[in-house]
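Following: one structure in structure tokens, then a few remarks.
Residue numbers (our numbering): 8 to 572.
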């Protein structure tokens with residue numbers, strides 16, 4: 008297979024061994040014994056050398072497409088924690104709480120509902136840029152520039168300056184969320200279209216690796232830089248955070264440079280000249296009006312929602328359930344009004360009906376026609392359930408470690424740094440294994456390992472606090488999660504049709520996190536009610552339907568990832 012590494016070459020064997028050693032040393036650099044051995048050597052120098060060695064080994068072992076996805080994955084991984092983790096630290100040091108402004112919750116909508124505007128990315132050409140760079144790279148560049156602009160807007164906004172500082176920060180965070188989600192849409196489409204079928208697993212694994220590295224830079228890197236520049240919880244410095252976020256904006260130039268250097272994928276449908284300019288403008292206008300209708304409905308329903316929540320809270324004696332029901336109904340109502348407005352405008356002739364049908368209806372119709380209603384429903388069930396175990400566990404992880412008696416520095420060293428390194432290693436391992444043994448087998452293996460590692464948390468819960476035990480459990484959990492994620496992304500990529508790449512993959516990725524996020528919101532209440540041991544048993548049992556679904560579908564896919572055109 009073209010995507011498989013030739014281990015008969017001595018250079019590849021040496022690079023493989025060096026890759027394992029590099030990850031091992033980088034992981035161990037979080038713990039005291041190795042730090043003591045490095046006395047006199049700056050830690051950042053040692054870690055930088057490990058990262059450089061790993062990157063060189065990746066260069067030797069992986070195809071050019073996989074290496075490109077390493078850098079694009081890095082670009083995709085930087086923004087998300089600048090909205091949440093690092094921003095929360097900034098606001099805390101400034102003496103504020105993120106909950107002080109409700110607009111911050113909107114920043115996450117971009118990731119959850121990116122399928123709504125994915126057709127724009129598939130359909131709309133960008134003046135001048137599309138002719139110069141091509142459809143995918145034009146959208147990639149414009150989204151990356153929007154990300155940089157949003158980060159700089161955050162950098163030049165002091166959240167405690169006057170009456171508008173926090174509101175401007177919230178607006179910038181929302182802009183970053185939506186521009187980052189747009190970048191994700193384009194990069195996912197580019198990844199699927201640029202690599203042949205037998206390289207999808209490898210490009211998925213390097214994408215995950217790059218994404219996680221970007222997250223490390225935007226979280227640990229940003230926090231360390233802000234501290235070095237003089238901002239702490241006791242002594243807040245806006246200047247320190249301004250320079251930190253400006254540096255993160257500069258880091259995004261890695262993605263911009265990659266976009267300018269790579270080639271436009273040849274394996275996609277090019278219909279940018281199929282419609283007139285007026286058709287594209289009307290399409291965009293309908294989308295904008297529909298979004299305004301959504302926001303207006305959501306905003307105007309706030310008082311009704313507040314009263315309904317109070318009533319249901321008293322009737323159900325459950326604040327969380329009341330909030331969930333009201334939020335779901337409110338969101339559904341806003342989405343319904345949005346859809347009705349768009350439908351009415353199309354019916355009235357405000358847009359090209361054929362174009363809008365191709366953008367929103369044909370991708371869904373294509374999926375069900377290719378797989379049939381029965382198999383399509385099973386696939387949707389698999390997509391919605393596959394990540395539920397580790398996402399639900401991830402929501403409560405930090406609270407669980409604190410309850411067991413571990414300190415925040417211990418959690419940071421083991422869970423955040425060591426855990427992320429293990430996820431990256433697992434992703435690369437998943438790519439190698441999926442190419443060698445087939446995606447469906449590794450999907451099954453990933454689900455089995457997820458169940459086993461969830462059961463390991465029961466052992467951790469019943470043990471006295473031990474760093475060795477924490478390292479073993481978190482290492483196994485994150486390694487298996489990375490392995491499963493690489494195979495799962497390759498599997499999702501195989502389900503897309505090249506004609507509707509952006510829309511279909513955006514739908515798949517939204518379905519992938521929808522049910523886990525809903526259930527994850529109640530993980531704390533569930534764990535409190537039934538205890539940690541029963542909670543982890545429940546998360547392990549959640550993988551059983553996944554195993555059954557993979558077993559049923561194994562013959563249909565024959566362990567092969569094939570792209571549809």
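Beta carbons: idealized from backbone N, C-alpha and C, even for Gly. Computed from a predicted structure; not experimentally measured.
Query - CB of residue 494 within 8 Å of CB of residue 551, strictly - result: No.
Report task. State the DSSP-derived secondary structure class of residue 504, mapped to helix, strand or coil. Result -> Residue state for residue 504 is assigned as strand, using DSSP reduced to three classes.
Query raised in the report: Going by the CB atoms, is the gap between residue 497 and residue 446 shorter than 8 Å?
Result: yes
Query raised in the report: What residues in its chain sit with their C-beta under 7 Å from that of residue 386, if we drop five residues either side in the sequence?
Result: 378, 502
Report task. Give, in chain order, every unbroken run of the alpha helix (DSSP H) that is at least 4 residues long and sits entirely within the segment 304 to 391. Result -> Complete alpha helix (DSSP H) runs here, min 4: 309 to 323, 326 to 354, 360 to 363.
Query raised in the report: My guess is that residue 144 and residue 266 are in contact by the Cβ rule of under 8 Å, so how many angstroms apart are they, rounded?
Result: Indeed they touch by this definition, with Cβ atoms about 6 Å apart.
Query raised in the report: If we call anything under 8 Å between Cβ atoms a contact, is residue 90 one with residue 229?
Result: Note that the C-beta distance between residue 90 and residue 229 is not below 8 Å.
Query raised in the report: Considering only residues of the same chain and omitting the five flanking positions on each side of residue 105, which have a CB-CB separation below 8 Å?
Result: Residue placement at residue 105 cannot be trusted, given a pLDDT of 46 that sits under 50; what the coordinates show is reported in the next sentence. The residues are 94, 95, 98, 111.
Requested in this report: Compute the Euclidean distance between the alpha carbons of residue 170 and residue 316, then round it to the nearest angstrom.
Outcome: So the two alpha carbons sit approximately 29 Å from each other.
Requested in this report: Please classify residue 311: is it buried, with 16 or more other beta-carbons within 10 angstroms of its beta-carbon, or exposed?
Outcome: exposed
Query raised in the report: Considering residue 97, what are the terminal residues of the alpha helix (DSSP H) in which it resides?
Result: 92 to 100
**Report entry** Reduced DSSP secondary structure (H/G/I, E/B, other) of residue 416
**Finding:** helix
Report task. Assign residue 380 to one of two classes, buried (16 or more other C-beta atoms within 10 Å of its C-beta) or exposed (fewer than that). Result -> Residue 380 should be labelled exposed.
Query raised in the report: With DSSP run on the structure shown, which of helix, strand or coil describes residue 294?
Result: Three-state result, residue 294: helix.
Query raised in the report: Do you know whose CA, among 205, 256, 428, 21, lies nearest residue 5's CA?
Result: Past the boundaries of the shown model lies residue 5; the chain is included only from 8 to 572, so the question cannot be answered.
Query raised in the report: Would you call residue 149 buried or exposed, if buried means 16 or more other Cβ atoms sit within 10 Å of its Cβ?
Result: buried
Query raised in the report: Would the beta-carbon of residue 407 be found less than 7 Å away from any heavy atom of the ligand PLP?
Result: The ligand PLP is absent from the structure shown, which contains no ligands of any kind.
Query raised in the report: Going by Cα to Cα distance, which pick from 212, 85, 178, 186 is closest to residue 6?
Result: Past the boundaries of the shown model lies residue 6; the chain is included only from 8 to 572, so the question cannot be answered.
Query raised in the report: If residue 390 sits next to residue 515, beta carbons under 8 Å apart, how far is it from one beta carbon to the other, in whole angstroms?
Result: Yes, they are in contact, since the Cβ atoms of residue 390 and residue 515 sit about 6 Å apart, within 8 Å.
Report task. Would you mind giving the Cβ-Cβ distance between residue 485 and residue 400, rounded to the nearest angstrom? I have them listed as a contact below 8 Å. Result -> Actually they do not touch by this definition, with Cβ atoms about 11 Å apart.
Query raised in the report: Contact between the segment 158 to 172 and the segment 329 to 345: three or more CB pairs below 8 Å?
Result: Taking a cut-off of 8 Å for Cβ pairs, the segment 158 to 172 and the segment 329 to 345 do not touch, as fewer than three such pairs fall below it.
Requested in this report: Label residue 210 either buried or exposed according to how many other C-beta atoms from any shown protein chain fall within 10 Å of its C-beta, with 16 as the threshold for buried.
Outcome: buried
Report task. For residue 444, count neighbouring C-beta atoms within 10 Å of its own C-beta (all shown protein chains included) and say buried if the count is 16 or more, exposed if not. Result -> exposed
Query raised in the report: Three-state secondary structure (DSSP) at residue 259?
Result: coil
Query - Through-space distance from residue 347 to residue 300, alpha-carbon basis - result: C-alpha separation (whole angstroms): 9 Å.
Query raised in the report: Shortest alpha-carbon distance to residue 603 belongs to which of 294, 206, 367?
Result: Nothing in the structure corresponds to residue 603, since the chain is present only between 8 and 572.
Query raised in the report: Cα separation between residue 424 and residue 235?
Result: If I take the Cα positions, the gap works out to 19 Å.
Query raised in the report: Do the segment 470 to 487 and the segment 537 to 555 meet, that is, are 3 or more Cβ pairs less than 8 Å apart?
Result: no
Report task. Just mark residue 151 as buried or exposed, buried being the case when its beta carbon has 16 or more other beta carbons within 10 Å. Result -> buried
Query - residue 412, buried or exposed, once every other Cβ within 10 Å from all chains shown has been counted against 16 - result: exposed
Query - Pick from 523, 548, 512, 221 that is closest to residue 198, judged by C-alpha positions - result: 512
Query - From 520, 158, 124, 458, residue whose alpha carbon lies closest to that of residue 298 - result: Considering only alpha carbons, the answer is 124.
**Report entry** Residues of its chain near residue 468, where Cβ-Cβ distance is below 8 Å and the 5 sequence neighbours each way are ignored
**Finding:** 407, 411, 539, 540, 543
Query raised in the report: Does DSSP put residue 131 in a helix, in a strand, or in coil?
Result: coil
Requested in this report: Look at the alpha carbon of residue 271 and the alpha carbon of residue 142, and state the distance between them as a whole number of angstroms.
Outcome: Taking the straight line joining both Cα atoms gives about 8 Å.
Requested in this report: State the DSSP-derived secondary structure class of residue 469, mapped to helix, strand or coil.
Outcome: coil
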